[in-house]
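Going left to right, the sequence shown walks through residues 5 to 217 as my numbering numbers them.
Contents: one structure, followed by commentary.
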Amino acid sequence: MGYGQSEKREGQDVSLGVQNGLLDTLLQHWGLSSPYMIAHDFGGATALRAHLIDGCDYRKLLLVDPVAVRPWGSPFVQHVRHHEAAFAGVPDYLQRAILRAYIRGAVNRDMTDAELEPYLAPWLGETGQPAFYRQIAQMDMRHTDEVEPRYDAVRCPVMLLWGQEDEWIPVERGRQLASALPNCAYREIAGAGHLMQEDAPEAIVAAALTFFR
C-alpha cells in the first residue's frame, strides 16, 4: 500500500509497521497457506515481518537485497525524513531530476531516461509526488529492529541474493543477514547493484528456477 499503482492518500500509514499485516491478510484472502515467496528491498522486510510476527509460512523464501539489518537508509533518506514538506512541493522538473538521480544510484549500469520512466511514474503529479516523500519520511529502523533478533527463528529454507555493487545497502549487510538465518543459501552477484532485477535479472530467474524446483 502506498507504492506502485496502489492507493496513495494524505495521512496514510505506509510504513513497514503495517505492510506485514496487509501481506498476511492478502495471503489469507488468496487462500495461500505456504507459498513460494520472492521479496526485494522493503518487500524482504515485509516478508520477514509477516513470517515472524503474523505467522505467515512460506514453502521457500528467496530474498533479494532486503532491508533487514541496521543501519539502513541513505543520507538522502535521512535528510528527507526531516524535511518532507519542503520536498513534497518541489516543481515537476526538479522532482524528475531527483528521482532519476535517486534510482540511478540503485543500478550499476547506465539506464536511459526511457528505461527509468516506469520507476518515476508512480511518484509524479499531485498524488504521486507527496506519496514519494511520505513513504521516505515513514522509514524507521525500529520496524527491522523488532524482528532482527528473531532471524534465527525463521522456519523455512531461505536463499539470499546480494548485489556486490549495492550502494543503497552494502554487501556487508548481506553477509551479516546470511549468518543470522538458520537455513540460508547465500550468493553474491557480481556487477549487480541494489536493483538486481535491472542489473542481473538472469541471476534472480536462475535462483528461482533452481531453489524452487
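Just so you know, even glycine gets a beta-carbon here, dropped at the ideal spot from N, CA and C.
Practice task
Give the DSSP-derived three-state secondary structure of Trp172 in the structure shown.
Solution key: coil
Practice task
Taking 8 Å as the cut-off, decide whether the C-beta atoms of Arg154 and Leu65 are in contact.
Solution key: no
Problem - Contacts around Phe91, its chain only, beta-carbon distance under 7 Å, and the 5 residues preceding and following it disregarded - result: Val84, Tyr137
Exercise for the section: Enumerate in chain order the residues of its own chain whose CB-to-CB distance from Pro75 is below 8 Å, with the five nearest sequence positions on each side excluded. Expected result: Met145
Exercise for the section: Can you check DSSP and say which residues form a bridge with Met163? Expected result: Leu66, Ala189
Handout entry: Cβ pair count under 8 Å reaching 3, the region 119-133 against the region 163-171
Key = no
Handout entry: Inter-residue Cα distance where the pair is Glu119 and Met5
Key = 24 Å
Problem - Same chain only: Cβ atoms within 8 Å of Ala210, ignoring 5 sequence neighbours per side - result: none
Problem - With 16 other Cβ atoms within 10 Å as the buried cut-off, status of Pro134 - result: buried
Practice task
Assess, as a yes-or-no matter, whether the region 101-113 is touched by the region 191-211 under the definition of 3 or more beta carbon pairs within less than 8 Å.
Solution key: yes
Practice task
Could you give the DSSP three-state label for His55: helix, strand or coil?
Solution key: helix
Practice task
Spatial neighbours of Tyr190 within its chain, please: CB distance less than 6 Å, with the 5 preceding and 5 following residues excluded, ordered by chain position.
Solution key: Leu164, Ala182
Handout entry: Selection from Asn187, His44, Val94, Gln180 that minimises the alpha carbon distance to His198
Key = His44
Problem - Extent of the continuous beta strand (DSSP E) to which Tyr155 belongs - result: From DSSP, Tyr155 is part of no beta strand (DSSP E); its letter is neither H nor E.
Handout entry: Reduced DSSP secondary structure (H/G/I, E/B, other) of Tyr7
Key = coil
Problem - Sub-8 Å separation of Gly48 and Val68 beta-carbons - result: yes
Handout entry: Endpoints, alpha helix (DSSP H) assigned at His147
Key = 146-149
Practice task
Assign His198 to one of three DSSP states: helix, strand, or coil.
Solution key: coil
Practice task
Verify whether the separation of the beta carbon atoms of Pro39 and Arg63 is less than 8 Å.
Solution key: yes
Exercise for the section: Whole angstroms is fine: what's the gap from Met143's alpha carbon to Glu88's? Expected result: 12 Å
Practice task
Tell whether a beta-carbon distance below 8 Å holds between Val22 and Thr148.
Solution key: no
Handout entry: Alpha-carbon to alpha-carbon, Arg159 and Ala101
Key = 43 Å
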